[in-house]
Ligand SMILES: *[C@@H]1O[C@H](CO)[C@@H](O)[C@H](O)[C@H]1NC(C)=O
Ligand SMILES: *[C@@H]1O[C@H](CO)[C@@H](O)[C@H](O)[C@H]1NC(C)=O
Ligand SMILES: *[C@@H]1O[C@H](CO)[C@@H](O)[C@H](O)[C@H]1NC(C)=O
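In mature numbering (1 follows the signal peptide of the UniProt record, and there is no 0), the protein residues as written are -25 to -1, 1 to 122.
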């Protein structure tokens, strides 16, 4: 009887293991929606089409001249596999600068999505001799704004 109980317990454990939802690595992430980063900047990404193309609006919370800040258009691509990589360009509406972001969407076992990104920002300089100082680099982590 004890053996039967053990077999039954193993079968129950096996059934539970099989019933567990797909592991985090199998969850998809579609970027559509609103995201906020560690600086308090946010972005809204519109529908991603079947080629992985998307557009949106980036509202930065940091700038050299904060009073000038305005929403700025972004345009990018994402892959469609689970935990996809992506990239997008922001054409700043209030300066002559341009930024590009690349990153990956990670999804944990609770379905919490995190975008880990690296960005380059190109500032406009008046002549080629100032080129050396015209690019900035940084990192940002975004999470989804719910609701
Ligand atoms: C988005 O960012 C802008 C600019 O910093 C800010 O004014 C706005 O309140 C933010 N919105 C949300 C939902 O965080
Ligand atoms: C950026 O500026 C242009 C021209 O002023 C405006 O038409 C556009 O709506 C702005 N983009 C965003 C995302 O606010
Ligand atoms: C970003 O700014 C635009 C105005 O430029 C505003 O309509 C939009 O609601 C803002 N997005 C967020 C998430 O606050």
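All C-beta atoms, glycine included, are put in the ideal place defined by N, C-alpha and C.
Treat the numbers as computed from the prediction; the structure is a model and nothing was measured.
Quick one: grab the DSSP three-state call for residue i.
i, result
"residue 107", "helix"
"residue 40", "coil"
"residue 50", "strand"
"residue 193", "Residue 193 lies beyond the stretch modelled for the chain, which goes from -25 to 122, so this question has no answer here."
"residue 31", "strand"
"residue 112", "strand"
"residue 9", "strand"
"residue 65", "strand"
"residue -1", "Confidence in residue -1 is poor, its pLDDT being 47 and thus under 50, which makes the residue's placement too unreliable to answer from."
"residue 79", "strand"
Which residue's Cα is closest to the Cα of residue i: the options?
i, options, result
"residue 67", "86, 96, 91 and 121", "96"
"residue 77", "23, 112, 63 and 11", "63"
"residue 3", "109, 111 and 79", "79"
Can you find a CB in chain C that lies within less than 8 Å of the CB of residue i?
i, result
"residue 118", "Absent from the structure: chain C. Only one protein chain is present."
- Message: Counting beta carbon pairs with one atom in the region 96 to 105 and one in the region 45 to 58, are three or more of them shorter than 8 Å?
- Response: no
- Message: For the region 29 to 46 against the region 78 to 92, do three or more pairs of beta-carbon atoms, one drawn from each stretch, fall closer than 8 Å, so that the two count as touching?
- Response: no
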